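And the structure:
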């Protein structure tokens, strides 16, 4: 790259306004176990999708008294998929149980092969009551968007389970209690960050799309680079990087005039996408993300897979101080459980926009330094629906 004015601006950004030290960009390698594969990677199914299938099978067995061998459920996209049950049937006159074995495709997922189990019983009140059983974690800390003391079953899987059970003839108006269990889930959770996040006793029931895509592999990095290449080949010069499906929706609302090819779901591979953008001489990059991913980037980490990096809430405490938050508030953010928890603290204190803007400004600085000023940069933080931009830092922030 030549020593352009943009590059010089990037070099000067090392000394940040306010005197804090700007982190230098770094890109940790992927774990050695993640190999590039020579064929297309298989997608798989989230624990949430498997739980919805098991719940529907058990509800059907309870309604008919007959075991169910194959069950069909809806994904959040509306697509319908079928699953074979490993086991299904009545265990008592008012209770049925079904098991669906999770297939994570080619993603290195610790829950691959898990026996996701749903136990469905009748109850006196109408509606569906959802709970976690053995091997499903219990939430003990804030910042996860889930009730303290409740099961670690995320909102989208919970909706999928309720919808699946409601599709069973005769079950929609009945009162049912659905308990999701994962035998060996506590052992599986030891290989995750759940305990550090305050999810105790098992895994989380996760998923926003219902489908596991192999984001964590080197092949996904190649697909990100290919997406940037395709965009450049069509003559576009503005790249919009999103961390996932929800942030992509917010990014499209923020940039309504750009064609769809400009939006790249970057996953953990921001550094790879930026290098390819510079190679093609693109003019601008816009990054749209949520608080946790932005915090990792603001720390200088451009390969944000959970095995290679973690959220620095100490950085968020410093952000709090920079925007006028008191020392007590900054200490509370320092001790936050997650980036989302820090976000909630800022929101409660009326500092969300100011702190979010400062966080975005720091991310913009990191991206500018990583690309040596070759790209104009803007960064936006969206809420946890992905639909609303709550803070942004403009180009050259």
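In this note's numbering, the protein residues as written are 660 to 1056. We put the CB at the ideal spot given by N, CA and C, even for glycine. Remember, it's a predicted structure, so these values are computed and weren't measured experimentally.
Our contact map puts residue i next to residue j with C-beta atoms below 8 Å; I'd like the distance itself, whole angstroms only.
i	j	result
residue 937	residue 922	That pair is no contact at about 19 Å.
residue 862	residue 707	The Cβ separation is near 11 Å, so there is no contact.
residue 714	residue 729	At roughly 15 Å, the Cβ-Cβ gap does not stay under 8 Å, so residue 714 and residue 729 are not in contact.
residue 1052	residue 1028	Actually they are not in contact, since the Cβ atoms of residue 1052 and residue 1028 sit about 14 Å apart, beyond 8 Å.
residue 755	residue 748	7 Å
residue 996	residue 792	No, residue 996 and residue 792 are not in contact; Cβ-Cβ is about 24 Å, not under 8 Å.
With burial defined as no fewer than 16 other Cβ atoms inside 10 Å of the residue's Cβ, what is the status of residue i: buried or exposed?
i	result
residue 958	buried
residue 693	Because the pLDDT at residue 693 is just 42, under 50, the model does not fix this residue reliably, and the value given afterwards should be weighed accordingly. With 16 or more Cβ atoms within 10 Å of its Cβ, residue 693 is classed as buried.
residue 848	buried
residue 846	exposed
residue 907	buried
residue 782	exposed
residue 1009	exposed
residue 850	exposed
residue 1000	buried
residue 711	buried
residue 725	exposed
residue 909	buried
residue 766	buried
residue 1023	buried
residue 806	exposed
residue 727	buried
residue 905	buried
residue 768	buried
residue 840	buried
residue 1014	buried
residue 981	buried
residue 983	exposed
residue 1003	buried
residue 990	exposed
residue 931	buried
residue 784	exposed
residue 892	exposed
residue 854	exposed
residue 940	exposed
residue 894	exposed
residue 828	exposed
Output the boundary residues of the beta strand (DSSP E) element that contains residue i.
i	result
residue 945	943-948
residue 835	834-840
residue 743	739-743
residue 1036	1035-1041
residue 793	Per DSSP, residue 793 belongs to no beta strand (DSSP E) and is neither H nor E.
residue 774	774-781
residue 754	754-760
Could you check the C-alpha separation between residue i and residue j for me, to the nearest Å?
i	j	result
residue 731	residue 842	23 Å
residue 836	residue 994	36 Å
residue 966	residue 949	The pLDDT assigned to residue 966 is 40, lower than 50, so where the model puts this residue is not dependable, and the model offers no usable value.
residue 1057	residue 928	There is no way to answer for residue 1057, as the model of the chain reaches only from 660 to 1056.
residue 1006	residue 979	12 Å
residue 1036	residue 1026	7 Å
residue 716	residue 926	33 Å
residue 1049	residue 780	43 Å
residue 819	residue 934	38 Å
residue 797	residue 838	13 Å
residue 740	residue 986	52 Å
residue 1043	residue 1031	31 Å
residue 871	residue 852	18 Å
residue 890	residue 703	27 Å
residue 918	residue 1039	19 Å
residue 624	residue 867	Within the shown structure, residues of the chain are numbered from 660 to 1056, placing residue 624 beyond reach of any answer.
residue 751	residue 778	11 Å
residue 897	residue 757	49 Å
residue 1045	residue 808	26 Å
residue 1011	residue 992	12 Å
residue 976	residue 801	17 Å
residue 789	residue 826	16 Å
residue 859	residue 812	13 Å
What residue range is occupied by the uninterrupted alpha helix (DSSP H) comprising residue i?
i	result
residue 1019	1011-1029
residue 993	986-993
residue 977	972-981
residue 821	814-825
residue 709	706-723
residue 998	998-1008
residue 749	Element bounds for residue 749: not the alpha helix (DSSP H) but the beta strand (DSSP E), 746-751.
residue 865	Run containing residue 865: none; DSSP gives neither H nor E here.
residue 811	Neither: residue 811 is in no alpha helix (DSSP H) and is coded neither H nor E.
residue 937	929-938
residue 910	904-913
Quiz item: Quick one: any contact between the segment 879-893 and the segment 703-721, if contact means 3 or more CB pairs under 8 Å?
Solution: At 8 Å Cβ cutoff, the stretches do not touch.
Quiz item: Are the segment 902-919 and the segment 939-949 in contact at 8 Å, needing three or more beta carbon pairs?
Solution: Cβ pair count under 8 Å is three or more, so yes.
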